[in-house]
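Structure, as structure tokens:
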Amino acid sequence: MFSSISLFASATVLLSTTIFASPISSHYERDASASPVNWGSTPSGGLTEVQKLNYVLLLESAHSALYSQAVKNYSDYDFVNAGLRDLYTDAESIATLTAANVKTIDSAISSSGEAVPGACTFNWGGVEGAFGWALFAEQFEALLVSTYKGLLPTLTSAPHISFIQSLLSESTANSATLRTDTNLAPTANYAPLTLGESGTLFRPFVAYCPATNPAIDITTHPTISFSANALSPLTVGKTITLTPVDAEPTNDITGAVLNTVAVNGAPLDFAVKPDGKGGWTGRVPVGVQPGLNYVVLSSAMLGTGEAGLIAGPAIMEIAA
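Per mature numbering (1 follows the signal peptide of the UniProt record, and there is no 0), the sequence shown runs over residues -21 to -1, 1 to 299.
Quick look at the structure:
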């Protein structure tokens, strides 16, 4: 777990103006309000296995839509012209595989005696062009990897564990391929996310779900708007600003810190100061490794779980 500022606010934003800012975090800046989905609160006793599968179904439905829409919206020429020679064929294969995964989850939920939630629709915000899509897809795959790593230890059913392990393997491979294709620094060890942290990042992409669907009983957190100088890659020592988007200004909170999650390297706390506008500024500290990192804004130091979390996570992509 991490607290303080999360490195999910990337320096490679697809949905922003340059390839040095993160697609996912940029989308959160643009459209951070809650989606028209019934997001509930995590029960005190935790989620049942079926409730967890309902969330996995939502994630994998989005996963499938992301690739099927890419195949529809872009041609092989578009990807080749963007320097991504084999990605169209890869996207076709992944679209087929993810559609099959959705059917498998449907069957697992149905066999438990529960009704299968209706199909939802998704909005990817400002993703533009084949290369922009590839950057966004990489960070979405990373979100899935971190979510499934966090989810696996909480499962008890052997078939469910085996299936989530297969999803984890697929998204890990997809992420590695996309990072190579888009010339991003390798990320060897993605940090696990709690479902609350995962939901915070994923929530803005859910455009619509049927009102008859069960609530997504996951307590999410305020989202973070991340900014840095977009004209150069994000590196150690660079100043960043994080502003909670859908929460009250936080300058009245004493001792807020930014904390990186242990994705590449050990987790780090680093000091931030109020910017006078409800946000916080700080410098990327020595010790943060290149690649994808998560950060959260917290009122406490490491080791406090989500109790001191003010906002986040966000994605931060550090250049090599």
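Glycine is no exception: its CB is placed at the ideal position from the N, C-alpha and C atoms.
Continuous alpha helix (DSSP H) stretch holding residue i: start and end
i	result
Y56	D55 to N60
Y169	Note, Y169: premise wrong, no alpha helix (DSSP H); not H, not E.
I297	First-last for I297: L288 to I297, but that is the beta strand (DSSP E), not the alpha helix (DSSP H).
A137	A137 to D160
G175	L174 to F181
T75	L66 to S90
G129	G108 to L130
Residue i, buried or exposed, once every other Cβ within 10 Å from all chains shown has been counted against 16
i	result
G270	buried
A299	exposed
N153	buried
L213	buried
Q30	buried
Y56	exposed
residue 304	This structure does not reach residue 304, given that the chain is present from -21 up to 299, and the question cannot be answered.
E8	With a pLDDT of 35 at E8, under the threshold of 50, the modelled position of this residue cannot be trusted; read the value that follows with caution. Classification for E8: buried.
A44	buried
S177	buried
S258	One point to set straight first is that residue 258 is Gly, not Ser, in the sequence displayed. Buried is the call here.
S23	exposed
Q268	buried
T233	Its pLDDT being 47, under 50, T233 is placed unreliably in this model, and the value from its coordinates should be taken loosely. Exposed is the call here.
Nonlocal neighbours in the same chain, by C-beta distance under 6 Å from residue i, ignoring five residues either side
i	result
F58	L66, Y67 and A109
G62	none
W112	A49 and V106
A13	Here the model assigns A13 a pLDDT of 39, short of 50, so the residue's position is not dependable and the matter cannot be decided.
L122	L180
Q144	none
H42	T77
S91	V29
Beta-carbon proximity check, residue i vs residue j, cutoff 8 Å
i	j	result
L163	E107	no
N192	N60	no
P223	L276	yes
N102	F184	yes
P165	K128	no
T161	L114	yes
Y187	T100	yes
T220	H200	no
L38	F181	yes
I88	L32	yes
N80	L147	no
T83	F142	yes
Beta-ladder partner(s) of residue i, from DSSP
i	result
P223	I203
N272	M295
W18	I195
V50	Answer by DSSP bridge pairing: none, since V50 is not bridged.
P253	W259
S277	L288
T100	Y187
T218	R262
Span of the beta strand (DSSP E) around residue i
i	result
W259	W259 to R262
V185	V185 to Y187
Close-in-space but distant-in-sequence residues of the same chain around residue i (CB under 7 Å, 5 per side omitted)
i	result
T151	V124
Y46	A70, I73, A74 and T77
E28	L134, T135, S136 and H139
Y34	L174, I195 and I197
P189	G97
G216	R262 and V263
E93	V29
V95	D85, I88 and S89
L120	The sequence shown places Glu at residue 120, not Leu. Taken in chain order, the residues that qualify are S150, N153, S154 and L157.
Beta-carbon contacts of residue i that lie in its chain and below 8 Å, excluding the five residues immediately before and after
i	result
T21	L174, G175, D196, I197 and T198
S54	Y67
A290	H200, P201, T202, I203, L221, P223, V224, A226, T229, V275 and L276
G25	T133
K252	W259, T260 and G261
Min CB distance residue i to chain D below 8 Å
i	result
S20	Absent from the structure is chain D; it holds one protein chain and no more.
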